[in-house]
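*Asks:* Pasting a structure here, questions to come.
Numbering (this note's numbering), first residue to last: 1 to 247.
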């Protein structure tokens, strides 16, 4: 079964959601990030997706204290993205408690550096590929580069890339369903890589549809905050996904 990965996006140490990656369309939600993370972990999820939106803009992690608080509150895996632009930043993210690091802008603009991280950290590194109008977006989705998702994945495949989170920005925060065809095509083209669906999830019907397509992981954010997917839904799905019959 496809694995649900709940998302927590951070600005100024608070939980927020953007629409289509637009910082001007920001909605702040109640609850401390650590409390929210604990509620997800209590549902039995294996991993939580954390995005430092301040860091993505600034080019260096800005919410590491929040990461430390979350890591102290839960025992599940934590994947962290936003502002990882150099060795010190990456080490700081790991030291603060992240089990996996998501790297997007550096992978697109300084591929040699990401290659060195793949060699050093292996499966702890996740390629973050944010796509808008067919091109890769970088710097907190504020800019685009003349690079396609297939080209990006193919470059790192021989170096041991095993995970990639692909976000279709036009779907992000819109609750209008994911770009399923994109993920099915990518998974077929690069079977060695586990692609995580990100953007557009509106309810459990989307999760079930993605599962039926054989996709492996899906990030869910706004649908949870807007009560379209409940903690009970996540707990039941995670329980079924962990049972031997579902493997």
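Where a beta carbon is used, it is the ideal one built from N, C-alpha and C, also for glycine. It should be emphasised that the depicted structure is a prediction, and the values quoted were computed from it without experimental measurement.
Let's test the definition: count the other Cβ atoms within 10 Å of the Cβ of residue 206 and tell me whether it reaches 16, buried, or not, exposed.
*Replies:* Buried, by the Cβ-count rule.
*Asks:* Please report how far the alpha carbon of residue 9 lies from the alpha carbon of residue 80, in whole angstroms.
*Replies:* Spanning the two alpha carbons is a distance of roughly 10 Å.
*Asks:* Relative to the C-alpha of residue 133, which residue among 170, 110 and 77 is closest?
*Replies:* Cα-wise, what sits closest to residue 133 is 170.
*Asks:* Roughly how far, in whole angstroms, is the beta-carbon of residue 53 from the beta-carbon of residue 82, given that I think they are within contact range, below 8 Å?
*Replies:* Confirmed, Cβ separation roughly 6 Å.
*Asks:* With a CB to CB cut of under 8 Å and the five nearest residues on each side skipped, what residues in its chain are close to residue 188?
*Replies:* Answer for residue 188: no residue qualifies.
*Asks:* Between the region 17-31 and the region 61-74, are three or more C-beta pairs nearer than 8 Å?
*Replies:* These segments do not touch.
*Asks:* When the Cα atoms are used, what is the spatial distance from residue 39 to residue 27?
*Replies:* Each residue's Cα considered, the two are about 20 Å apart.
*Asks:* Going by the DSSP bridge assignment, what does residue 196 pair with across the sheet?
*Replies:* Residue 196 pairs with 165 and 217.
*Asks:* In whole angstroms, give me the CA-to-CA distance for residue 183 and residue 215.
*Replies:* Going by the C-alpha atoms only, they are around 8 Å apart.
*Asks:* Short of 7 Å in beta carbon distance, which residues of its chain neighbour residue 125, apart from the five on each side in sequence? Order them along the chain.
*Replies:* Excluding positions up to five away in sequence, the list reads 101, 103, 117 and 118.
*Asks:* Looking at the structure shown, is residue 83 part of a helix, part of a strand, or coil, going by DSSP?
*Replies:* Of the three classes helix, strand and coil, the one that applies to residue 83 here is coil, per DSSP.
*Asks:* Would you mind listing the beta strand (DSSP E) stretches within the region 56-130 that are 3+ residues and don't spill past its ends, in chain order?
*Replies:* Listed in chain order, the complete beta strand (DSSP E) runs (minimum 3 residues) inside the region 56-130 are 77-81 and 100-103.
*Asks:* Under 8 Å by Cβ, that's how I've got residue 97 and residue 78 pegged, so tell me the actual separation to the nearest angstrom.
*Replies:* That belief holds up - the Cβ atoms of residue 97 and residue 78 are roughly 6 Å apart, short of 8 Å.
*Asks:* According to DSSP, simplified to helix, strand and coil, what is residue 183?
*Replies:* Reduced to three states, the DSSP call for residue 183 is helix.
*Asks:* Use the C-beta contact count for residue 17: other C-beta atoms within 10 angstroms, 16 or more gives buried, fewer gives exposed.
*Replies:* When all chains shown are included, residue 17 counts as buried.
*Asks:* Do you know offhand how far residue 1's Cα is from residue 129's?
*Replies:* Taking the straight line joining both Cα atoms gives about 23 Å.
*Asks:* Quick one: is residue 191 buried, meaning 16 or more other Cβ sit within 10 Å of its Cβ, or exposed?
*Replies:* When all chains shown are included, residue 191 counts as exposed.
*Asks:* Report the option in 158, 150 and 200 whose CA atom is closest to the CA atom of residue 185.
*Replies:* Nearest C-alpha to residue 185: 150.
*Asks:* Measuring only the C-alpha atoms, how far is residue 123 from residue 162?
*Replies:* Distance between the alpha carbons of residue 123 and residue 162 is about 6 Å.
*Asks:* For a quick check, are the C-beta atoms of residue 199 and residue 228 less than 8 Å apart?
*Replies:* The answer is no: Cβ separation not under 8 Å.
*Asks:* Could you tell me which residues DSSP puts in a beta bridge with residue 28?
*Replies:* Residue 28 is bridged to 16.
*Asks:* Looking only at its chain, what residues have a beta carbon closer than 7 Å to the beta carbon of residue 247, apart from the 5 residues adjacent to it on each side?
*Replies:* With a pLDDT of 43 at residue 247, under the threshold of 50, the predicted position of this residue should be treated as unreliable, though the coordinate-derived value follows. Correct list: empty, nothing qualifies.
*Asks:* How should residue 239 be labelled, buried or exposed, when 16 other C-beta atoms within 10 angstroms of its C-beta is the threshold for buried?
*Replies:* Its Cβ having fewer than 16 others within 10 Å, residue 239 is exposed.
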